[in-house]
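Residue numbers (the numbering used here): 276 to 450.
Laid out in structure tokens, this is it:
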């Protein structure tokens, strides 16, 4: 139990010093699990948007076919995919989700925050909206050559992927 001896000129504390541990970099596994959490959240919102955009008769018929027939036809599935890919809602929602949350004071998407991760610049400070955009759009570079840009996380000292190098960011554990 910490005690303090006080004198008119001195205060002596016997409390142990606070030792702050060095920040750790986010591992491949923790970042992948955060990605899965974020993807689940986005798919949920995408589904709500898709369902609200579909005609009422299509909503009912699709639900009836899933429940009673165990699935939907290939033509209906193609119509849903066209609605998904030709709509601007989905890429904009995806972009806003990642850039706004990673540039926010929490410095993390819901998945990263859940796992105690945060996105920082190379000095450990919060990233700007511009830097979050560079990080977001350079993910394409990480994904292009067979996702090899993401595998860099396993082999680099600071656990950076290719898009982290381009955007000059780090994913660190939140202290």
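Backbone N, C-alpha and C fix where the C-beta goes; we use that ideal spot for every residue, glycine too. Computed from a prediction, not measured in an experiment: that's the story for all the values here.
Annotation: the continuous alpha helix (DSSP H) that includes residue 374 extends over 364 to 377. Secondary structure note for residue 439: its alpha helix (DSSP H) is the uninterrupted segment 437 to 442.
Exclusion of the five residues before and after residue 381 leaves 388 and 393 as the residues of its chain whose Cβ lies within less than 8 Å of its Cβ. Counting only runs of 3+ residues, the beta strand (DSSP E) found wholly inside the stretch 383 to 439 occupies 392 to 396, in chain order. Secondary structure at residue 445: strand, using DSSP grouped into helix, strand and coil. Within the same chain, and ignoring the five residues on either side of residue 408 in sequence, the residues whose Cβ sits closer than 6 Å to its Cβ are 374. The Cβ-Cβ distance between residue 376 and residue 384 falls below 8 Å. Listed as beta-bridge partners of residue 300 by DSSP are 447. In its chain, beyond the 5 residues on either side, 445 and 447 have a beta carbon closer than 6 Å to the beta carbon of residue 395. Counting only the Cα atoms, residue 300 lies some 31 Å from residue 321. Rounded to the nearest whole angstrom, the C-alpha separation of residue 311 and residue 319 is 12 Å. Residues of the same chain with a CB within less than 7 Å of the CB of residue 370, apart from the 5 flanking positions on each side, are 411 in chain order.
Annotated as proximal: residue 434 and residue 302, with beta-carbon spacing under 8 Å.
C-alpha of residue 314 to C-alpha of residue 418: approximately 16 Å in a straight line. For the 8 Å CB-CB criterion, residue 421 and residue 437 do not form a contact.
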